[in-house]
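In the working numbering, the protein residues as written are 269 to 524.
Inspection log for the structure reproduced underneath, given as structure tokens.
Given below as structure tokens:
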């Protein structure tokens, strides 16, 4: 059955909710839906107290390491960490308290070509049971293409069952943001969720667009109960109006 998994998105050292497709290295800053005056540790403590396991901290660009470490310290072993993770720093983030590291961009060269040897080396260093592969993607006429560098750069890797089969021996879970609907609160990409649910061989967490409890029910239905979901901008905890945090805690409670 579908579980709600919490998230802590960090941008410029603060907990924020932003429109994923608005992230850019140059030009105007991203579109911000919410900026918290509470530290990252407060959110981690809240998720810990409510026993919401399998959540993640995502560092969106530079200047977020301190806030990420505060969150991990508040709940050692309770959160995954992603954003700028590579072979050189992965072990350090695990030592800082992350249950898993989440990797995307480090698995590709500058032109978006997949680096199989890099993945193999990372797994040898930290173990597949500590790795989450992020296949966050953008929709194309033919399906979905993995996008790296905060969802700005398309890669050669498509999101389909063949790719999931190819990468499954190297990781413990997959995380997949639908970047085109991330932060818009206009509903999920049900087609993508259905593709993921029909695969169902490892834990998969979907993120992007969930705005109401009906969206969570749709994830469970379209994903055949095999896809978990994370919620950001629509959640009252992050200034949203479509979803109530305590309702999501209760949603998970039905599984116990």
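Every residue gets a Cβ at the ideal spot worked out from N, C-alpha and C, and that includes glycine.
Span of the beta strand (DSSP E), counted from its first residue to its last, around residue i
i, result
"residue 407", "405 to 408"
"residue 488", "Premise fails: residue 488 lies in the alpha helix (DSSP H), 481 to 490, not in any beta strand (DSSP E)."
"residue 423", "421 to 426"
"residue 475", "472 to 475"
"residue 312", "First-last for residue 312: 308 to 317, but that is the alpha helix (DSSP H), not the beta strand (DSSP E)."
"residue 399", "399 to 402"
"residue 456", "Careful: residue 456 lies outside any beta strand (DSSP E) and carries neither H nor E."
Test item: CB-CB of residue i and residue j under 7 Å
i, j, result
"residue 280", "residue 331", "yes"
"residue 416", "residue 389", "no"
"residue 283", "residue 304", "yes"
"residue 513", "residue 523", "no"
"residue 480", "residue 496", "no"
"residue 394", "residue 442", "no"
"residue 493", "residue 502", "no"
"residue 447", "residue 412", "no"
"residue 399", "residue 439", "yes"
"residue 500", "residue 285", "yes"
"residue 312", "residue 339", "yes"
"residue 470", "residue 444", "no"
"residue 491", "residue 461", "yes"
"residue 482", "residue 272", "no"
"residue 276", "residue 308", "yes"
"residue 278", "residue 335", "yes"
"residue 405", "residue 414", "yes"
Cβ neighbour criterion (16 or more within 10 Å) applied to residue i
i, result
"residue 270", "buried"
"residue 476", "buried"
"residue 379", "exposed"
"residue 520", "buried"
"residue 354", "exposed"
"residue 464", "buried"
"residue 295", "Note that residue 295 scores a pLDDT of 46, beneath 50, so its modelled location is shaky; the value from the coordinates is reported in the next line. Under this definition residue 295 is an exposed residue."
"residue 498", "buried"
"residue 274", "buried"
"residue 397", "exposed"
"residue 360", "exposed"
"residue 327", "buried"
"residue 356", "exposed"
"residue 457", "buried"
Residues bridged to residue i [DSSP beta-bridge criterion]
i, result
"residue 326", "277 and 350"
"residue 445", "475"
"residue 343", "According to DSSP, residue 343 bridges with nothing at all."
"residue 461", "DSSP output for residue 461 lists no bridge partner at all."
"residue 302", "285"
"residue 413", "406 and 426"
"residue 495", "472"
"residue 375", "In DSSP, residue 375 forms no bridge with anything."
"residue 438", "Paired residue(s): none; residue 438 is not in a bridge."
"residue 503", "511"
Start-to-end residues for the alpha helix (DSSP H) that takes in residue i
i, result
"residue 520", "513 to 521"
"residue 360", "358 to 363"
"residue 391", "384 to 394"
"residue 431", "429 to 435"
* So does the segment 359 to 370 actually touch the segment 328 to 348, counting three or more Cβ pairs closer than 8 Å? -> Result yes; three or more Cβ-Cβ pairs closer than 8 Å.
* Inspect the CB distances between the segment 477 to 491 and the segment 428 to 435 and report whether three or more fall short of 8 Å. => In the pairwise beta carbon analysis, the segment 477 to 491 is classified as not touching the segment 428 to 435: fewer than three pairs are separated by under 8 Å.
* Asked: Are at least three pairs of beta-carbons, each pair with one atom in the segment 420 to 428 and one in the segment 385 to 400, less than 8 Å apart?
  -> Here the segment 420 to 428 does not lie against the segment 385 to 400, with fewer than 3 beta-carbon pairs under 8 Å apart.
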